[in-house]
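Novice: Take this structure, written in structure tokens, and hold onto it; I'll ask about it next.
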Amino acid sequence: MQKGKASADELIALILQGIEEVKGLEINLLDLRDIENTVCDYFVLCNGTSNTHVNAIVNSIQKTVSKGIQDKPWHVEGSDNAEWVLLDYVNVVVHVFQKQVREFYDIEGLWGDAKVTMVESSFNQ
């Protein structure tokens, strides 16, 4: 393993930790590796209850990943309105939604061939 280059598993674990720390909801991991022509290997999806909560989740993910492996997203989109924020870590893309926006765009349905893992939260909703 190259110095400073974390594995996808390590990155995902830190992303999930960041989501958990601020009580992100309905966390799913989509494994896209067996699908041809995908933009990345994994999607991590979750939702927050408001713009403030979505921003808190995004900030927590960035802080946790930065602290854990000194990495930052290659690109961040959607922070202004915080209804759907995308964090692009190149091989792992994180989507943080508000619930109604997640239901509308149905990323899990669009990527129906992906292997979906529902991540159990350590707290009750």
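For the sequence shown, the UniProt record's numbering begins at 1 and goes up steadily by one.
We treat Cβ as the ideally placed atom computed from N, Cα and C, and that holds for glycine.
#1: Taking the continuous alpha helix (DSSP H) assigned at threonine 52, which residues delimit it?
#2: For aspartate 41, which of Ile19, Lys23, Glu120, Trp111 has the nearest alpha-carbon?
#3: For leucine 45, which of Lys99, Asp113, Ser122 has the nearest alpha-carbon?
#4: Return the chain-ordered list of same chain residues with a C-beta closer than 8 Å to the C-beta of isoleucine 107, the five sequence neighbours on each side being excluded.
#5: Using three-state DSSP, classify lysine 72 as helix, strand or coil.
#6: Quick check on the DSSP output: the alpha helix (DSSP H) that includes tyrosine 105 runs from which residue to which?
#7: For the region 66–86 against the region 19–38, do three or more pairs of beta-carbon atoms, one drawn from each stretch, fall closer than 8 Å, so that the two count as touching?
#8: If I follow the unbroken beta strand (DSSP E) through glycine 48, where does it start and stop?
#9: Name the two residues that bound the continuous beta strand (DSSP E) containing glutamate 26.
Specialist: According to the structure data:
#1: One-based indexing of the sequence shown puts residue 52 at position 52. First-last of the alpha helix (DSSP H) with threonine 52: 51–69.
#2: For the purposes of this step, residue 41 is taken as residue 41 along the sequence shown, with counting starting at 1. With distances taken between Cα atoms, aspartate 41 lies closest to Trp111.
#3: Position 45 of the sequence shown holds residue 45. Out of Lys99, Asp113, Ser122, Lys99 has the C-alpha closest to the C-alpha of leucine 45.
#4: Here the question's residue 107 lines up with position 107 in the sequence shown. Counting only Cβ-Cβ distances below 8 Å, and skipping sequence neighbours, we find Leu30, Phe43, Leu45, His95.
#5: Along the sequence shown, read from residue 1 onward, the residue named residue 72 stands at position 72. DSSP places lysine 72 in coil when its eight states are reduced to three.
#6: Residue 105 sits at position 105 when you count from the first residue of the sequence shown. Unbroken alpha helix (DSSP H) run through tyrosine 105: 99–105.
#7: no
#8: As a first step, residue 48 is located in the sequence shown; it is residue number 48 there, counting from the start. It spans 42–48 - the beta strand (DSSP E) in which glycine 48 sits, taken as one unbroken run.
#9: Reading the sequence shown from its first residue, position 26 is the one you call residue 26. Segment 25–31, the beta strand (DSSP E) holding glutamate 26.
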